[in-house]
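Protein chains in written order, with our numbering: chain A, 3 to 139; chain B, 3 to 139; chain C, 3 to 139; chain D, 3 to 139.
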């Protein structure tokens, strides 16, 4: 299974007056996790947009287990349990503090979207080929 | 069942380069919906914090059906299917454009949290009493 | 001189762990102030974009005098000391709590930008005509 | 003179529908620049808060020269032209893309604030001592 880890330092801007990260500010962290995961495959999300493919988020399920705090160095784990077979892709993502303290987990579903045709599309072959090697038996 | 509606004008800051509202920016809209719903009951969320009660978000399930756009005047519908019976409360929220175009829907679970004791608590009696009238048979 | 006032309720998302509004979150408040000021003239900023005109911010000077807090109902005053005569426009903006407590003030300079030609342009005549009435002797 | 450089990758969340970074989203970039600059001196801003010192922003002057774009790897240069002699500190900050394309520059003034006494204070001696070495003749 393909998985990837990236690190994010919590900014002051991302906290709220509860003294922890505002619940809506975890989604840019997840976004960075997915973006760096894709980049590690040799193609950036910016490259995808240049060839006319966008990836809008269509569904989220998430749980907040422990609060992330200012200046924490978070580990964002991004994994792809299944290869996409149509216009949909679903990532599983977890956010840890230090090696083993799980703070947050999410399942997040996105579509591959053809910007010019304004309709659903599929993952570009070049990216899919890279991914396939992670799912060989 | 208790339900409440509030309106929100989409800011430029809330869009992204896809030309629509960034998916993470719906959560402050939902927050405003819940805050105004509680205010309509005669007690503000700020009042709750003054008596030492915080309401951290612990779980979200949501679907993005159609994109909200810059300068849209959104209607945020907030409802409470069940009276809270312990430290948990779950809101159902929907965001519409105009009278009938559903853009987004979410179920969002929060805890009542005693800030000083740093432990779970329950909804203040004054607020619960106000709510009860909406659930009479 | 043209001036306009709009109200904004501070969201939890806009606070930080200092217990006040994060300094970077005043800029969406100013944006709302300018947008509503323009709308009061009979043309929305969204309309401007539809005819190919964008207004990027090019310069800001601002002072933070007293902190805005969660749930404050802020008054954003937007005024235009001089009619624009070229591609530049400068707004003076102030943010108050209640009737007379000045929290923040800013001078903010923007350009009129022709999106298709990708070059400077001027304020559309229809909008300029509306504004002129505020500067008659 | 003390100066420091840090890198920031632009997130999708930080763009707006103009296709560039929203003008208000440069301030968290500057914040990260200052925070990493202070950390390089052997004390984190989080450490400062633990000993009761906050650093609210009180004044900003800034210019937007060229737009930062999605996925840009920005270089944030943070320098301190003068050692602080009272409760005020002023940073000069610049944001570059690649080695030499200047996008944005700012002067940003902050106070040292004693959280418990709720009054102005000065830079902690330990931090000032570290800084002094950069201003020897």
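Backbone N, C-alpha and C fix where the C-beta goes; we use that ideal spot for every residue, glycine too.
All values reported here derive from a predicted model rather than from experimental measurement.
Nearest chain F C-beta to residue i closer than 8 Å, yes or no?
i                    : result
residue 18 (chain C) : Checking the listed chains, one finds no chain F in this structure; the protein chains it contains are A, B, C and D.
Using three-state DSSP, classify residue i as helix, strand or coil.
i                     : result
residue 114 (chain D) : coil
residue 24 (chain D)  : coil
residue 78 (chain A)  : strand
residue 52 (chain A)  : helix
residue 42 (chain A)  : coil
residue 137 (chain A) : helix
residue 32 (chain A)  : helix
residue 15 (chain B)  : helix
Going by C-alpha to C-alpha distance, which of the options sits closest to residue i?
i                     : options                     : result
residue 32 (chain A)  : A:91, A:121 and A:107       : A:107
residue 53 (chain D)  : D:134, D:118 and D:60       : D:118
residue 80 (chain B)  : B:40, B:44 and B:125        : B:40
residue 50 (chain C)  : D:20, D:61 and D:37         : D:20
residue 110 (chain D) : C:7, C:16 and C:26          : C:26
residue 99 (chain D)  : D:115, D:85, D:71 and D:114 : D:71
residue 129 (chain A) : A:85, A:61, A:76 and A:77   : A:85
residue 132 (chain A) : A:89, A:42 and A:14         : A:42
residue 78 (chain C)  : C:61, C:134, C:57 and C:101 : C:101
residue 64 (chain A)  : B:24, B:66 and B:61         : B:61
residue 55 (chain C)  : C:138, C:134 and C:114      : C:114
residue 93 (chain C)  : C:44, C:59 and C:18         : C:59
Just curious, the alpha helix (DSSP H) that residue i is in, first and last residue?
i                     : result
residue 143 (chain C) : Residue 143 (chain C) lies beyond the residue range present for chain C, which begins at 3 and ends at 139; the question has no answer from this structure.
residue 134 (chain A) : 127–134
How would you write the range of the beta strand (DSSP E) that residue i sits in, first residue to last?
i                     : result
residue 90 (chain A)  : 90–99
residue 123 (chain C) : Residue 123 (chain C) -> no beta strand (DSSP E), and no H or E assigned at all.
residue 66 (chain A)  : 59–66
For residue i, does the count of other Cβ atoms within 10 angstroms reach 16, so buried, or fall short, so exposed?
i                     : result
residue 68 (chain B)  : exposed
residue 30 (chain A)  : buried
residue 181 (chain D) : The question about residue 181 (chain D) has no answer here: the residues shown for chain D are numbered 3 through 139.
residue 74 (chain C)  : buried
residue 95 (chain A)  : buried
residue 127 (chain C) : exposed
residue 87 (chain D)  : exposed
residue 3 (chain C)   : exposed
residue 35 (chain B)  : buried
residue 103 (chain D) : exposed
residue 6 (chain A)   : buried
residue 16 (chain A)  : buried
residue 121 (chain B) : exposed
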